[in-house]
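**Student:** Residue numbers (my numbering), protein chains in the order written: chain A, 1 to 194; chain B, 195 to 643.
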Amino acid sequence: MTTREKILQATLNNQPPAIALPDISLFKGEDKDLVQKYMTVFKSIGGNCFLVDDIAGIQSIVTQNYDAAKRIVTTVPELSSQFELISEEADPHSYENIELAIIKAHFSVAENGAVWLTEAVMGQRIIPYICQHLAVIVHADTILPTLHEAYEKIGAGEYGFGAFIGGPSKTADIEQALVLGAHGPLTMTVFILK
Amino acid sequence: MARAFIKDEERVDWHDGALWYIREKRDIAAKQIPEWEQLREAASMIKSNVISNLHDYLLQFEANLKKNGVIVHWADNAEEHNEIVYSILKAKEINHMVKSKSMLTEECHLNEYLEERGIEVINSDLGEYIQQIDHEPPSHIVLPCIHKRKEEIGELFHEHLGTEKGLSDPTLLTRVARKHLRNIFLTRRGALTGVNFAVAETGEYVVCTNEGNADMGAHLSEVQIASMGLEKIIPQKKHLGIFLRLLARSATGQPITIYSSHYKKPRKGQEMHLILVDAGRTRQLGRADFRDSLKCIKCGGCMNTCPVYRKSGGLSYQNTISGPIGAILAPNLDMKMHADLPYASTLCGSCSNVCPVKINIHEQLYKWRQEIVKEGYAPTSKTLGMKTMAWTLSSPEKLTTAGKAGRWFLHNVPFVVNNKFNPWYRQRDMPEGPKESFAEWFTKNSPKK
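1. Looking only at DSSP bridge pairs, what is residue 513(B) linked to?
2. Using a cut-off of 8 angstroms between C-beta atoms, extract the partners of residue 268(B) located in chain A.
3. Around the C-beta of residue 585(B), are 16 or more other C-beta atoms found within 10 angstroms, so that it is buried, or is it exposed?
4. Report the rounded CA-to-CA distance for residue 415(B) versus residue 461(B), giving the unit in angstroms.
5. So which residues on chain B does residue 169(A) lean against when the C-beta distance must stay under 8 angstroms?
6. Using the three-state DSSP reduction, which class does residue 456(B) fall into: helix, strand or coil?
7. Is residue 143(A) close to chain C, meaning its C-beta is less than 9 angstroms from at least one C-beta of that chain?
8. Just checking: is the beta-carbon of residue 200(B) within a distance shorter than 9 angstroms of some beta-carbon in chain A?
9. Determine, using beta carbons only, whether residue 247(B) comes closer than 9 angstroms to chain A.
10. Less than 9 angstroms between the C-beta atoms of residue 434(B) and residue 450(B), yes or no?
11. Pull up the distance between the alpha-carbon of residue 338(B) and that of residue 380(B), whole angstroms please.
12. Taking any Cβ of chain B, which residues in the stretch 33-44 of chain A have a Cβ under 7 angstroms from it, in chain order?
13. Residues in its own chain within less than 6 angstroms of residue 430(B) by CB, not counting five upstream and five downstream?
14. Quick check: what's the CA-CA separation for residue 119(A) versus residue 448(B)?
15. For my contact list, residue 375(B) and residue 323(B) are in at a C-beta cut-off of 8 angstroms; report their separation, rounded to the angstrom.
16. Kindly indicate if chain B contains any beta-carbon less than 9 angstroms away from that of residue 152(A).
17. Of all the options 110(A), 114(A), 11(A) and 38(A), which has the alpha carbon lying nearest to the alpha carbon of residue 166(A)?
18. On a Cα-Cα basis, can you pick out the residue from 566(B), 278(B) and 340(B) that is closest to residue 524(B)?
19. In three-state DSSP terms, what is residue 188(A)?
20. Mapping the DSSP letters down to three states, classify residue 418(B) as helix, strand or coil.
21. Which bits of chain B does residue 59(A) rub up against, with CB to CB less than 7 angstroms?
22. When the Cα of residue 495(B) is compared with those of 481(B), 630(B) and 515(B), which residue comes out closest?
23. Would you call the stretch 94-102 of chain A in contact with the stretch 124-137 of chain A, where contact means no fewer than 3 C-beta pairs closer than 8 angstroms?
24. Could you check if residue 639(B) is buried or exposed, using at least 16 other CB atoms within 10 Å of its CB as the buried criterion?
25. What span of residues does the alpha helix (DSSP H) with residue 2(A) cover, start to end?
26. Can you pull the chain B residues whose beta carbon is under 8 angstroms from the beta carbon of residue 71(A), in chain order?
27. Could you have a look at residue 118(A) and say whether DSSP puts it in helix, strand or coil?
28. Report back the beta-carbon spacing between residue 390(B) and residue 400(B) to the nearest angstrom; my notes put them in contact at under 8 angstroms.
29. Taking the alpha-carbon of residue 483(B) as reference, which of 15(A), 68(A) and 2(A) has the nearest alpha-carbon?
30. If you check the beta carbons only, do residue 179(A) and residue 189(A) fall under 9 angstroms apart?
31. Report yes if the CB atom of residue 452(B) is closer than 9 angstroms to the CB atom of residue 398(B), and no otherwise.
32. Excluding sequence positions up to five away, which residues of its chain have a Cβ less than 7 angstroms from the Cβ of residue 83(A)?
33. Pick out the complete alpha helix (DSSP H) segments inside the stretch 521-608 of chain B, 4 residues or longer, and give them in chain order.
34. What does DSSP give as the partner residue(s) for residue 498(B) in the beta ladder?
35. Restricting to Cα atoms, I'd like to know which of 76(A), 161(A) and 174(A) is closest to residue 138(A).
36. Run through DSSP, which three-state label would residue 351(B) get?
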């Protein structure tokens, strides 16, 4: 008997009679003031948030706040004239020195501030983790109330890797003192595109 | 271990307060969700369904993993798990691995196993890294070094990372670790992560971290390994909505963990392995009174609220998973060794009240005590005390005599009970004995007929 067969047999022998799954379709968030709610929550978890009219608005905030001499990368075609486009083919290690990454989220979640990103919008899986600062663009009309709506929208999801990211990396491992910037980005900024 | 911990009263109070602060943050977060109780109920029911259909879900999960290009392994016990990890790394000639938080691999003593075979492992979660350089296991599943003071951590960094002596500022220490570990991530070809949730329906698994360390390791590696206990399965992807809403709020009071990463397929050119580990889980599945312990999503909420945990520290439990949940999981692994853990509780029930998947922890603690006595593993201090008590209570005369004797001892020779042989006296003074028993007082004061 292989280990696999042994474990499966023990599971079958020891599991209790079947219990049905609960109906979770009633869990829903309130579809109201989502932009405001999102901004409040995202700021409370240590993120920066801007409401912008268009891509030009994002460009000007980025230019004001980040050192243009440092490496800034993006997957957003509209920003490619100003910043380096991320290559899917490059060795992920080669992004070790990026200062800022600007990517576009599929949507975000008002109740927890998280944005949903798949590797298609990340360019490379490592990008939103290895950058010193992360900026994410979210269309105002794609903000969802809770994770229930989020998973409904994701559905089966055609991706090899996807993630909810809700704020700059953080730790409180040393005496419960909150430190922003553990291993991932030191800051996270969300641009809400009106 | 607990005896050593409680010697330092100032530290005990600080530890108690630090954990209670997290419990309070959990309460604030939970109260912001009007449907919180329904979420807990749904989560508990989903996990009941998982436990009752685990066989089929495992097969479904395995089939989907394979379809996604993930290599699946099965391990019956810790030894087999460790051998699998070793063989994967050896095939790729990898001698250095980076590992994010995984209580399972702590339970399996993977680091020691690999190090004996010439493979260096570095824990990348900051708390776990600190514990590793101090040669200590984690004392809390979410906050591995919650029992350490920042000055002690500063001292460790001075010794291992060459920081200035006396540096203890948490931000500065974190920055130093960030820089050091970034170099580790960039140079490691092998990375291992734990698993928070494994979705049978799609074959993807979710890893939650606040630091981003699991992803830094995984996305820079050639070989990615995930180790999970069988109980981490959930049926459908939409169920993640329930569990992710509960997990971080119950753990630290955050609305969601910063990174909830959904791993489905290997990166181009990368190898992805997943190891399904039993290590006592199917045995626990067969224990009707205790199988619900397998519902645990490892939030640590029961530890933060437990008066015994807060006052004794996680290392006192001498089991990878400490606190109330550890005390109901450990006896399944080794009943004799962990026979005292179910007694490390006041049975106040606070753990069950905060548990996001509604495990009846305090009831299971009570049931384990009976199981342990039945199996003959009860600690001698308990059996001896119980026997004496049974003898004393067996007749009114014996009780009266014993009561008199007790009061006489407390009045005349208090040192007989106020000594180190009486465990109750260790942190307390015995009270002054009353002059007479209630029965004596009652006889004297009741109106004579």
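The C-beta atom is built at its ideal place from N, Cα and C for all residues, glycine as well.
**Tutor:** Reading it off the structure:
1. Walking along the second sequence from the start, residue 513(B) turns up at place 319. Bridge partners of residue 513(B): none, in fact.
2. On the second sequence, residue 268(B) is found 74 positions in, with the first residue counted as 1. Correct list: 2, 3, 4 and 7.
3. To locate residue 585(B), count along the second sequence from 1; it is residue 391. Answer is exposed; the Cβ neighbour count stays below 16.
4. Position 221 of the second sequence holds residue 415(B). Position 267 of the second sequence holds residue 461(B). Between residue 415(B) and residue 461(B), the C-alpha separation is close to 10 angstroms.
5. Here residue 169(A) refers to the residue found at position 169 of the first sequence. The contacting residues are 404, 405, 406, 452 and 453.
6. Stepping through the second sequence from its first residue, residue 456(B) is reached at position 262. Strand.
7. In the structure shown, chain C cannot be found, because the protein chains are A and B.
8. Numbered from 1 along the second sequence, position 6 holds the residue referred to as residue 200(B). Judged by the 9 angstroms Cβ criterion, residue 200(B) is not in contact with chain A.
9. Start at 1 with the first residue of the second sequence, and residue 247(B) comes out as number 53. Using beta-carbon distances, residue 247(B) counts as an interface residue toward chain A, with a partner under 9 angstroms.
10. By one-based count along the second sequence, residue 434(B) stands at place 240. By one-based count along the second sequence, residue 450(B) stands at place 256. Against a cut-off of 9 angstroms, the Cβ pair of residue 450(B) and residue 434(B) comes out as no contact.
11. Residue 338(B) sits at position 144 when you count from the first residue of the second sequence. Residue 380(B) sits at position 186 when you count from the first residue of the second sequence. Each residue's alpha carbon lies about 24 angstroms from the other.
12. 41
13. As a first step, residue 430(B) must be located in the second sequence, where it is residue number 236. The answer, listed in chain order, is 395.
14. Here the question's residue 119(A) lines up with position 119 in the first sequence. Here the question's residue 448(B) lines up with position 254 in the second sequence. So the two alpha carbons sit approximately 25 angstroms from each other.
15. The residue you call residue 375(B) lines up with position 181 of the second sequence. The residue you call residue 323(B) lines up with position 129 of the second sequence. Right, the Cβ-Cβ distance comes to about 7 angstroms (below 8 angstroms), so this counts as a contact.
16. The count along the first sequence starts at 1 and reaches residue 152(A) at position 152. Yes, its Cβ sits closer than 9 angstroms to a Cβ of chain B.
17. In the first sequence, residue 166(A) corresponds to position 166, counting from 1. For residue 166(A), the nearest C-alpha among the options comes from 114(A).
18. Stepping through the second sequence from its first residue, residue 524(B) is reached at position 330. Out of 566(B), 278(B) and 340(B), 566(B) has the C-alpha closest to the C-alpha of residue 524(B).
19. What you label residue 188(A) is simply residue 188 of the first sequence in a count that begins at 1. In the structure shown, residue 188(A) sits in a strand (DSSP, three-state: E or B).
20. Mapped onto the second sequence, residue 418(B) falls at position 224. The answer is strand: DSSP assigns residue 418(B) an E or B state.
21. Numbered from its first residue, the first sequence carries residue 59(A) at position 59. None at all; the shortest Cβ gap to chain B is about 27 angstroms.
22. Mapped onto the second sequence, residue 495(B) falls at position 301. It is 515(B) whose Cα lies nearest to the Cα of residue 495(B).
23. When Cβ pairs closer than 8 angstroms are counted between the two stretches, the stretch 94-102 of chain A is seen to touch the stretch 124-137 of chain A, the count reaching three or more.
24. The residue given as residue 639(B) occupies position 445 in the second sequence. When all chains shown are included, residue 639(B) counts as exposed.
25. Taking the first sequence and counting its residues from 1, the one referred to as residue 2(A) is at position 2. No alpha helix (DSSP H) contains residue 2(A), which DSSP labels as neither H nor E.
26. Working through the first sequence from its first residue, we reach residue 71(A) at position 71. Ordered by position in chain B, no residue passes the 8 angstroms Cβ test against residue 71(A), which lies about 16 angstroms from the chain.
27. The residue labelled residue 118(A) in the question sits at position 118 within the first sequence. Three-state DSSP puts residue 118(A) in a strand.
28. For the purposes of this step, residue 390(B) is taken as residue 196 along the second sequence, with counting starting at 1. For the purposes of this step, residue 400(B) is taken as residue 206 along the second sequence, with counting starting at 1. At roughly 5 angstroms, the Cβ-Cβ gap stays under 8 angstroms, so residue 390(B) and residue 400(B) are in contact.
29. In the second sequence, counting from the first residue as 1, residue 483(B) sits at position 289. Considering only alpha carbons, the answer is 15(A).
30. For this step, residue 179(A) is matched to residue 179 along the first sequence. For this step, residue 189(A) is matched to residue 189 along the first sequence. Contact flag unset, no.
31. The residue given as residue 452(B) occupies position 258 in the second sequence. The residue given as residue 398(B) occupies position 204 in the second sequence. It is not a contact, given that the beta carbons lie outside the stated cut-off.
32. Counting from one through the first sequence, the residue named residue 83(A) turns up at place 83. Excluding sequence neighbours, residue 83(A) sits near 72, 73, 74 and 102.
33. 544-548, 555-568, 574-587 and 590-606
34. As a position in the second sequence, residue 498(B) is number 304, starting the count at 1. For residue 498(B), DSSP records no beta bridge to any residue.
35. Within the first sequence, numbered from 1, the residue matching residue 138(A) stands at position 138. Cα-wise, what sits closest to residue 138(A) is 76(A).
36. Residue numbering aside, residue 351(B) sits at position 157 when the second sequence is read from its first letter. In this structure, residue 351(B) counts as helix in the three-state DSSP scheme.
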